[in-house]
Amino acid sequence: MPTLVLDMLRLVCETAARANKRTALRLMLVSHLVESWIAPVLYETVQLSRQRTTNKFLRTLITSTTKSCTFFATCVKSLCILFNIPVDQLVKVTAVCHGIQNFTTWYIPAPRSGPGTAPLAHFLFSLRPKKLAAWHGVLHSPDPRFELPFFSQVTHLTVVNIWEEWVVWPNFSLPALTHLSLDFSFGSRVLAEEELQQICEAVEAILRECVNVQVCALRVDQPADAPTITSMLHRLQSMPRAVFYRHHEPFQIREAHSDVEAEIWETLEAAAKRHCKDGKRFVLALPRFGNMS
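Below you can see the structure in the form of structure tokens.
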């Protein structure tokens, strides 16, 4: 078969596999050639949502006779942890899949004994992710330990922990960080002046330490004319990199690797650039994420 035809066929198969996992599994059965195309796509993103799934994946890593450790190290680019995974199992997964670029943790870790117990990032010494999205997990309070090597190459960080947590995190200094999203939801209440001052000072300190940040986005759950939002808009006028936005589905898991997350970053970056250009404070009104009205 001509090379051009094979290339086109491969592209079609890979596109179909990425669009639908069931289709990907069916394509794996077509032939050894097609399997060699689809396997990397199938393992590109690994989502561990329960213990049973994790046990199966670990068994595959250890016992597979058709896929080497090099295959998993090369092909697994995104890892999503959606349950309180035992630390020793996560270490085993990341020791093999050490090429992960996008890392998502969406769970509250069980407390571990000892006053000086190391945070989760301490055990992920083999990883240097670029994009990170977390609700607790690797961003567990009171101190995620941003100075650890795990965080050294993070460029995109989505923090979904409540603002009361991230404003007091120490050493919030990430040298590679360019895009940052922070949760600033507070329900229907009006924040006190002291709270607003604390948040404003925290954002200012983060931007001072993370010098490469192009956009610092505060995800809000109130309309633009809410008293607290109005006050924060005024307080952050001198910080052109700070913008506000609302997410249409606030309880949706923010997966670091997803197309939706990439679109959010693209739009937020454009808003920050517009703000720098004309000096106005922009509050985003995005159809996909909801309206600031």
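As numbered in our numbering, residues 1372 to 1664 make up the sequence shown, in order. C-beta atoms are modelled at their ideal positions from N, C-alpha and C, and glycine is treated no differently.
GLN1568 - DSSP class collapsed to helix/strand/coil: helix
From THR1416 to GLU1640, what does the alpha carbon distance come to, in whole angstroms? 25 Å
Could you check the C-alpha separation between SER1497 and LEU1419 for me, to the nearest Å? 18 Å
Specify the secondary structure class of PHE1443 as computed by DSSP and reduced to three states. helix
Would you list the residues sitting across from SER1552 in a DSSP beta bridge? THR1529 and ALA1588
So PRO1480 and HIS1511 are supposed to be a Cβ contact under 8 Å. How far apart are they, rounded? 6 Å
Quick check for students: name the residue ranges of the alpha helix (DSSP H) that lie wholly in the segment 1424-1510, counting only runs of 4 or more. 1440-1446, 1458-1467 and 1491-1494
Own chain residues within Cβ distance below 7 Å of GLY1508, not counting five before or after: ILE1452, THR1476, TRP1477, TYR1478, PRO1480 and LEU1491
Just the C-alpha distance for ALA1395 and GLU1385, rounded to the nearest angstrom, thanks. 8 Å
Based on DSSP bridge pairs, tell me the residues matched to ARG1617. VAL1591
Buried or exposed for SER1629, please, with buried defined as at least 16 other CB atoms from any protein chain shown within 10 angstroms of its CB. buried
Give the C-beta separation of LEU1503 and VAL1525 to the nearest angstrom, bearing in mind that I take them to be a contact with Cβ-Cβ under 8 Å. 5 Å
For VAL1467 versus ALA1444, is the C-beta distance shorter than 9 Å? yes
Could you check the C-alpha separation between MET1379 and GLN1608 for me, to the nearest Å? 51 Å
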